[in-house]
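Per the UniProt record's numbering, residue 1 is the first one in the sequence shown, and the count goes up by one each step.
Cβ coordinates follow ideal geometry from the N, Cα and C atoms, glycine included.
Here's the structure, in structure tokens; my notes come after.
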Amino acid sequence: MANRIWNAGILLLFLLLAALLLQFIRASSAIGDLFPSGGASGTTAVRKQIALIAQERDNPFWRSIEEGAREAAETAGAALVYMGPARIDPSEQIRLLKKAIASKYDAIVLQGLGGQADYRQLIDEAAAQDIPVLVLDTDEPGSKRLAYVGTDNQAAGVLMGELIAQRTGGQGRIGVLIGSEKAANQQLRLSGLRKAIGGYPGLSVQAVRATAISRLQAQREAERMLAAGEKLDVLVGFSALDGEGMIAAAQRLGRTDALLLAFDDLAATRAGIADGRIAASVVQLPREMGAQAIELLRRHWAGEDIGGEHFTKVFMLDSLNVDSLPEAR
Ligand code: BGC
Numbered sequence: 001m002a003n004r005i006w007n008a009g010i011l012l013l014f015l016l017l018a019a020l021l022l023q024f025i026r027a028s029s030a031i032g033d034l035f036p037s038g039g040a041s042g043t044t045a046v047r048k049q050i051a052l053i054a055q056e057r058d059n060p061f062w063r064s065i066e067e068g069a070r071e072a073a074e075t076a077g078a079a080l081v082y083m084g085p086a087r088i089d090p091s092e093q094i095r096l097l098k099k100a101i102a103s104k105y106d107a108i109v110l111q112g113l114g115g116q117a118d119y120r121q122l123i124d125e126a127a128a129q130d131i132p133v134l135v136l137d138t139d140e141p142g143s144k145r146l147a148y149v150g151t152d153n154q155a156a157g158v159l160m161g162e163l164i165a166q167r168t169g170g171q172g173r174i175g176v177l178i179g180s181e182k183a184a185n186q187q188l189r190l191s192g193l194r195k196a197i198g199g200y201p202g203l204s205v206q207a208v209r210a211t212a213i214s215r216l217q218a219q220r221e222a223e224r225m226l227a228a229g230e231k232l233d234v235l236v237g238f239s240a241l242d243g244e245g246m247i248a249a250a251q252r253l254g255r256t257d258a259l260l261l262a263f264d265d266l267a268a269t270r271a272g273i274a275d276g277r278i279a280a281s282v283v284q285l286p287r288e289m290g291a292q293a294i295e296l297l298r299r300h301w302a303g304e305d306i307g308g309e310h311f312t313k314v315f316m317l318d319s320l321n322v323d324s325l326p327e328a329r
């Protein structure tokens, strides 16, 4: 008797599992229709797997890119796998790219490093294996990347330079925080700034310091710059966490006279603009970058030519629009 109940139980469990499996196959093939696999025709459609490699996994700017990409991937029926170094580390980005190629993702979305030969070679290797690579935030020119999505970083630097000229009347000693000496987007922003202030003999860049895209490091370097004998009038932060770091530095040193100009619009930066500690910020659209990257991949797989540069907008945030404009994140 006990045996019979046991057998019936097993049979019931088996039927339940079979029903679940059937439902799963139906659902995934419906998704596959929206985002068909590039595999041989006639095979069962599977969800495209897209790897997104961040510069730093838990950096709020990159989490916004992830959010935009994840939402777009869900709409399109693709699966997004987000990864990145725990702390900024280009060699780990290279390792993750190598791994993503070996794992045969259907596409890879990543930040360009701008000039590392081994990274560029890996991007070309992915392209040779028919794995499209979409580059965002920082371009990787000269590689076989499919397209670039993100800010025109040189133009954003020019915008910052013009903002400085406008706010200072063309007179001032400038200190600049950059995320990393090696990051091409930071160097482009800096060269744009230098270009824009070139026409103002009263403006000069006195110091440039790297923050390793860390808020604490930004504070430390901003303090060093303000305390050194440079007599700075203006502090510029070229990456997302600098705004908060500069506020803390100016406050600790009692330098409320220094003009602080930030990048992006994390909550602390917005708060600093609202209460006047930060004069303005050049704001990028990270969510939009993530979403556009996935949308471009969808179009690529639909047979469209999507190559080239796809610049996302930047805008200026200051006390006049900080309350009316929604978060760019
Ligand atoms: C830059 C990113 C960087 C982030 C760091 C942004 O302004 O575009 O490259 O990872 O700041 O917080």
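The shortest C-alpha to C-alpha distance from residue 126 to any of 51, 260, 81 is the one to 51. Excluding the 5 residues flanking it on each side, residue 288 has same chain C-beta neighbours closer than 7 Å at 68, 312, in chain order.
When DSSP assignments are scanned along the stretch 96-146, the uninterrupted stretches of alpha helix (DSSP H) that are 4 or more residues long and fall wholly within it turn out to be 117-128. Classified as exposed, residue 253 has fewer than 16 neighbouring CB atoms from the shown chains inside 10 Å of its CB. For residue 192, no beta strand (DSSP E) encloses it; the enclosing alpha helix (DSSP H) starts and ends at 184-197. Under the Cβ criterion (8 Å, minimum of three pairs), the stretch 176-192 counts as touching the stretch 135-154. Per DSSP, residue 309 lies in no alpha helix (DSSP H) segment; the continuous beta strand (DSSP E) that holds it begins and ends at 308-311.
Taken through DSSP and simplified to helix, strand or coil, residue 171 comes out as coil. Under the 10 Å beta carbon count, residue 55 is surrounded by 16 or more other beta carbons and is classified as buried. Pairing residue 144 with residue 314, the inter-Cα distance amounts to about 26 Å. Looking at the backbone, the Cα of residue 264 and that of residue 128 are separated by about 36 Å. Along the length of the stretch 260-315, whole alpha helix (DSSP H) runs at least 4 residues long occupy 267-274, 286-301, reported in chain order. Its chain contains 165, 170 as the residues whose beta carbon lies nearer than 7 Å to that of residue 200, once the 5 sequence neighbours on both sides are disregarded; these appear in chain order. With contacts defined as CB atoms closer than 8 Å, residue 230 and residue 173 qualify as a contacting pair. For the set 53, 73, 120, the Cα lying nearest the Cα of residue 88 is the one of 53.
For a cut-off of 8 Å, the C-beta gap from residue 278 to residue 76 is around 37 Å, too long to register as a contact. Counting other Cβ atoms within 10 Å of its Cβ, residue 216 stays below 16 and is therefore classed as exposed. With respect to the 8 Å criterion, residue 328 and residue 285 are classified as neighbours on the basis of their beta carbons. A distance below 7 Å between beta-carbons, with the five flanking residues on each side excluded, links residue 249 to the following residues of its chain, in chain order: 219, 222, 223, 226.
Boundaries for residue 214: no alpha helix (DSSP H) harbours it, and the DSSP string shows neither H nor E there. Here residue 153 is buried. Its C-beta has 16 or more other C-beta atoms within 10 Å. At least 8 Å separates the beta-carbon of residue 110 from that of residue 90.
Per the DSSP secondary-structure output, residue 205 pairs in a beta bridge with 174. The Cβ atoms of residue 131 and residue 108 lie closer than 8 Å to each other.
The C-alpha of residue 300 is placed about 6 Å away from the C-alpha of residue 306. Here residue 318 carries a strand assignment [DSSP, helix/strand/coil].
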